[in-house]
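> Pasting in a structure now, in structure tokens, and then I'll have a few things to ask.
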Ligand SMILES: Cc1cc2nc3c(=O)[nH]c(=O)nc-3n(C[C@H](O)[C@H](O)[C@H](O)COP(=O)(O)OP(=O)(O)OC[C@H]3O[C@@H](n4cnc5c(N)ncnc54)[C@H](O)[C@@H]3O)c2cc1C
Ligand SMILES: Nc1ncnc2c1ncn2[C@@H]1O[C@H](COP(=O)(O)O)[C@@H](O)[C@H]1O
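Protein chains in written order, with the working numbering: chain A, 1 to 315; chain B, 1001 to 1247.
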């Protein structure tokens, strides 16, 4: 039976998290000896992108009732097309809203924050993040249906080109329970949970006026910016940048932490990063114990210099 | 308006996480339990709505060990509490218990945290909404109730959105739903009155788990840090480029 996956779009274009979900679904499909069916909602993007990551069939839903996101309406639409046992969702905001709603609707076992390909298919067995990144739980489905929501950036994109085809799918939706009053997306900025590189700063920056150097470094690296909790609590930076146990959990390839002490609650949100660089003027800062590379020094001096050196490297 | 706030009791955020020798379960020895921090935002919002006449009930699915945390939620200002007596097996069973309670008592608004910081399910609120066929707003960072509608701000990837849904609905919140400085630290009067507020125990309906936890392990640590002198940033850039291959 085919593996289903939700190919999420932003403004009609497939998101990186959707491509990651398709990559994951393809791995599961290979283990099961079957193929991948992707479902998209109001996509205007080319299905080729999904074929590249392993979707053999793309079911395209085009429906005015689904213009704005509603977990209820979307779950209704997706479940009417679901004829398999396994459905994969991205770990995005939309994915994490939809996966439980969908799972409840079809009575599936739900695994969120999934870190890796299943180790076994029946029963479906998989490693997932627990205790805010301090633990790994091996979970097993106790149902013939399984819904998976992957931990964003944990699995990554895996090229796996296949011959694919698309098909218009018609669904009947009983309406949309969500009315959108306003929609605000900062264009040109990278989504924090999607970003491959994140430059993050804490109270050691002394004040919001010093964030220019953080933004410069981030821009040079094509990185998103983040901050520690107190920095967002005092309003130096927006809440959406707060990473940690009570903020966003992220897993970029490179996390650069500047003037952040490395409290356990902060580490909980960033310890999934592949490489961690810490800049702190206190050699005893706890963060150095959880870092790959460290610079003991004044951030206000180090960061502008580091930016210049990386600029030189990039030519 | 009747509000139900679903509270999960979790290890204090500074807890060292370890597992039993057989790796089958979380080792609770010496753990301090707290209200799940994201639920505290939801609870505070609900308590604020008491000013416009809301009645706030909290519910936890758990054994007697969760009662001190429930008393704390009462001290913060909830009117009454219901403990559903079960050792939660998975998100599905917790959701089914909450759904049974909602069907029995009827609530206009069900407030949750977006995620509990123990098993990181991100699951119960969406499952509850689904089983009740209610609207579901996740990652809610602002909310006003007007009559029969909730106007919410929800976080979306890279931004936010103002939306309205009609009640009853399930709303899962996080920081922003109320600000950090709006959180209520119970005073002596609150703590005293919490002792006499009703905390009822309801027996669980028998539901069966859809997920079994097979094994737990700690996340592997990192190797030793490579320190670079602040006057030798060229070396850092080289290592990031050539060794780690991240820039
Ligand atoms: C329930 C709960 C949940 C929490 N959740 C989170 C969370 O999700 N995320 C989070 O981040 N925190 C969280 N915290 C807070 C956490 O405990 C720490 O207080 C917080 O992470 C500290 O932020 P900071 O490192 O920016 O500030 P500080 O602890 O003040 O550290 C500043 C650091 O900057 C360094 N420094 C100072 N000047 C310079 C300079 N010129 N150059 C370089 N370095 C300098 C200092 O040596 C110090 O290490 C939580 C706390 C609680 C109780
Ligand atoms: N045992 C429980 N009892 C009551 N509410 C719970 C319980 N577990 C989770 N919740 C609620 O569901 C939210 C999300 O939890 P989870 O799905 O476990 O990440 C929490 O923030 C609580 O509001």
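For glycine and all other residues, C-beta sits at the position ideal for the given N, C-alpha and C.
Identify every residue that forms a DSSP beta bridge with residue 1189 of chain B.
Looking up residue 1189 of chain B in the second chain gives position 189. None; residue 1189 of chain B has no bridge partner.
> How long is the line joining the alpha carbons of residue 1042 of chain B and residue 1089 of chain B, rounded to whole angstroms?
Working through the second chain from its first residue, we reach residue 1042 of chain B at position 42. Working through the second chain from its first residue, we reach residue 1089 of chain B at position 89. In a straight line, the C-alpha of residue 1042 of chain B is about 24 Å away from that of residue 1089 of chain B.
> Is there at least one Cβ from chain A nearer than 9 Å to residue 1236 of chain B's Cβ?
Here residue 1236 of chain B refers to the residue found at position 236 of the second chain. Chain A, which has a Cβ nearer than 9 Å to the Cβ of residue 1236 of chain B, makes this yes.
> Relative to the C-alpha of residue 61 of chain A, which residue among A/214, A/95, A/75 is closest?
What you label residue 61 of chain A is simply residue 61 of the first chain in a count that begins at 1. Comparing Cα positions, the closest option is A/75.
> Please report the distance separating the alpha-carbon of residue 1153 of chain B from that of residue 34 of chain A.
What you label residue 1153 of chain B is simply residue 153 of the second chain in a count that begins at 1. What you label residue 34 of chain A is simply residue 34 of the first chain in a count that begins at 1. So the two alpha carbons sit approximately 41 Å from each other.
> Would you list, in sequence order, the uninterrupted alpha helix (DSSP H) runs of no fewer than 4 residues that lie entirely inside the stretch 1016 to 1064 of chain B?
1037 to 1049
> Which residues have a Cβ closer than 7 Å to any heavy atom of ligand 2, listed in chain order?
B/1006, B/1007, B/1008, B/1036, B/1038, B/1039, B/1042, B/1059, B/1060, B/1061, B/1062, B/1088, B/1091, B/1094, B/1098, B/1112, B/1113, B/1114, B/1115, B/1116, B/1119, B/1120, B/1121, B/1122, B/1123, B/1124, B/1125, B/1172
> Which residues in the same chain have their Cβ closer than 8 Å to the Cβ of residue 130 of chain A, if we skip the five residues on either side of it in sequence?
On the first chain, residue 130 of chain A is found 130 positions in, with the first residue counted as 1. Answer for residue 130 of chain A: 113, 136, 137, listed in chain order.
> Taking 9 Å as the CB-CB limit, is residue 88 of chain A close to chain B?
As a first step, residue 88 of chain A is located in the first chain; it is residue number 88 there, counting from the start. No - not a single Cβ of chain B is within 9 Å of the one on residue 88 of chain A.
> List, in order along the chain, the chain A residues whose C-beta lies closer than 8 Å to that of residue 1091 of chain B?
Along the second chain, one-based indexing puts residue 1091 of chain B at 91. 100, 110, listed in chain order.
> Can you list the residues of chain B that residue 221 of chain A reaches, using a CB-CB cut of under 7 Å?
If you number the first chain from 1, residue 221 of chain A lands on position 221. Near residue 221 of chain A (Cβ distances below 7 Å), the residues of chain B are 1247.
> So within the stretch 1090 to 1135 of chain B, which uninterrupted alpha helix (DSSP H) runs reach at least 4 residues, ignoring any that extend past its ends?
1091 to 1105, 1124 to 1132
> Name, please, each residue of chain B whose Cβ falls closer than 7 Å to the Cβ of residue 297 of chain A.
Within the first chain, numbered from 1, the residue matching residue 297 of chain A stands at position 297. Result: 1230.
> In or out: residue 1205 of chain B buried (at least 16 other Cβ within 10 Å) or exposed?
On the second chain, residue 1205 of chain B is found 205 positions in, with the first residue counted as 1. Burial call: exposed.
> Would a check of beta-carbon distances place residue 203 of chain A closer than 9 Å to chain B?
If you number the first chain from 1, residue 203 of chain A lands on position 203. Among the CB atoms of chain B, none fall inside 9 Å of the CB of residue 203 of chain A.
> For a cutoff of 9 Å on Cβ pairs, would you count residue 293 of chain A as touching chain B?
Counted from its first residue, the first chain places residue 293 of chain A at position 293. Answer yes: the Cβ-Cβ gap between residue 293 of chain A and chain B drops below 9 Å somewhere.
> Relative to the C-alpha of residue 984 of chain B, which candidate in B/1056, B/1140, B/1244 has its C-alpha closest?
Outside the shown range of chain B (1001 to 1247) lies residue 984 of chain B, about which nothing can therefore be said.
> So is residue 1185 of chain B buried or exposed if we call it buried at 16+ other beta carbons inside 10 Å?
As a first step, residue 1185 of chain B is located in the second chain; it is residue number 185 there, counting from the start. Its Cβ having fewer than 16 others within 10 Å, residue 1185 of chain B is exposed.
> Would you mind telling me which residues of chain B sit closer than 7 Å to residue 166 of chain A, beta carbon to beta carbon, in chain order?
Stepping through the first chain from its first residue, residue 166 of chain A is reached at position 166. Residues of chain B passing the Cβ test: none, with the nearest at roughly 24 Å.
> Taking the alpha carbon of residue 1198 of chain B as the point to measure from, which residue in B/1082, B/1104, B/1148 has its own alpha carbon closest?
Within the second chain, the letter at position 198 stands for residue 1198 of chain B. The residue with the shortest Cα to Cα distance from residue 1198 of chain B is B/1082.
> Is any non-hydrogen atom of ligand 1 found closer than 8 Å to the C-beta of residue 280 of chain A, if you look at the structure I gave you?
Sequence index remark: in the first chain, residue 280 of chain A carries index 280 (1-based). Checking every heavy atom of ligand 1 against the Cβ of residue 280 of chain A, one is found closer than 8 Å.
> Residue 271 of chain A touches chain B at which residues, Cβ-Cβ below 8 Å?
For the purposes of this step, residue 271 of chain A is taken as the residue at position 271 of the first chain. Here the neighbours are 1219.
> Using 9 Å as the threshold, is the C-beta distance between residue 192 of chain A and residue 154 of chain A below it?
Residue numbering aside, residue 192 of chain A sits at position 192 when the first chain is read from its first letter. Residue numbering aside, residue 154 of chain A sits at position 154 when the first chain is read from its first letter. No, the pair does not count as a contact, with Cβ atoms beyond the cut-off.
> Please list the terminal residues of the continuous alpha helix (DSSP H) segment that includes residue 213 of chain A.
Indexing the first chain from 1 puts residue 213 of chain A at position 213. Counting along the chain, the alpha helix (DSSP H) containing residue 213 of chain A begins and ends at 212 to 221.
> Using the Cα positions of residue 232 of chain A and residue 194 of chain A, report the straight-line distance between them to the nearest angstrom.
Working through the first chain from its first residue, we reach residue 232 of chain A at position 232. Working through the first chain from its first residue, we reach residue 194 of chain A at position 194. The alpha-carbon atoms of residue 232 of chain A and residue 194 of chain A are separated by roughly 20 Å.
> Within this structure, are the beta carbons of residue 141 of chain A and residue 161 of chain A separated by less than 9 Å?
Residue mapping note: residue 141 of chain A aligns to position 141 of the first chain, counting from 1. Residue mapping note: residue 161 of chain A aligns to position 161 of the first chain, counting from 1. Cβ atoms of residue 141 of chain A and residue 161 of chain A: not closer than 9 Å.
> Which chain B residues are close to residue 113 of chain A, counting only those with a beta carbon under 8 Å from its beta carbon?
Stepping through the first chain from its first residue, residue 113 of chain A is reached at position 113. 1120, 1122, listed in chain order.
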